[in-house]
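Participant:
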Amino acid sequence: MDCSKNKLSTKSRDKKLKKSVSKENLSYWELKGRYEKLLKENSQLDKEIAELEGKGVTTDLQPQMQALHEYNEMKDLAQMIFGYLADAEQVTVSELHRRYNLPME
27 MDCSKNKLST KSRDKKLKKS VSKENLSYWE LKGRYEKLLK ENSQLDKEIA
77 ELEGKGVTTD LQPQMQALHE YNEMKDLAQM IFGYLADAEQ VTVSELHRRY
127 NLPME
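Position 56 of the sequence shown, counting from 1, maps to 82 under my numbering, and the rest follow consecutively.
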């Protein structure tokens with residue numbers, strides 16, 4: 027996981043927390059309790075992130091997006107070829123799909 031994004035979101039949350047805390051006039055002990063609760067929550071989230079990363083979960087979708095893009099290009103090329111072949115044989119593309127046992131998508 028990208029740590030820089032995590033740090034940015036933490037800074038953003040800290041600013042929001044400071045604003046809400048300053049409005050509430052909390053005691054030292056209340057603030058300390060909230061702080062400790064947030065530390066535990068942060069630790070738990072870090073454990074969950076590590077567990078997901080251990081299972082191979084990633085936030086980087088670029089490889090999947092690239093593979094999908096290549097697949098779509100190949101599918102488009104195949105459809106173009108079927109169009110040319112259908113014209114040459116004077117049949118419909120649907121007929122070619124039936125002839126070659128291909129799905130009608």
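Built from N, CA and C at the ideal position, the CB exists for glycine as well.
Just reading off the alpha helix (DSSP H) that residue 53 is part of, what are its end residues?
Facilitator: Here the question's residue 53 lines up with position 27 in the sequence shown. Element bounds for residue 53: n/a, residue is neither H nor E.
Participant: Give the secondary structure of residue 119 by DSSP, where H, G and I count as helix, E and B as strand, and everything else as coil.
Facilitator: Against the sequence shown, residue 119 aligns to sequence position 93. If DSSP states are grouped into helix, strand and coil, residue 119 belongs with the helices.
Participant: To the nearest angstrom, report how far apart residue 77 and residue 129 are at their CA atoms.
Facilitator: Reading the sequence shown from its first residue, position 51 is the one you call residue 77. Reading the sequence shown from its first residue, position 103 is the one you call residue 129. Approximately 40 Å between the Cα atoms of the pair.
Participant: Just verifying my parser: in three-state terms, what is the DSSP assignment at residue 126?
Facilitator: Along the sequence shown, read from residue 1 onward, the residue named residue 126 stands at position 100. Coil.
Participant: Under the three-state reduction of DSSP, which class applies to residue 82: helix, strand or coil?
Facilitator: The residue labelled residue 82 in the question sits at position 56 within the sequence shown. If DSSP states are grouped into helix, strand and coil, residue 82 belongs with coil.
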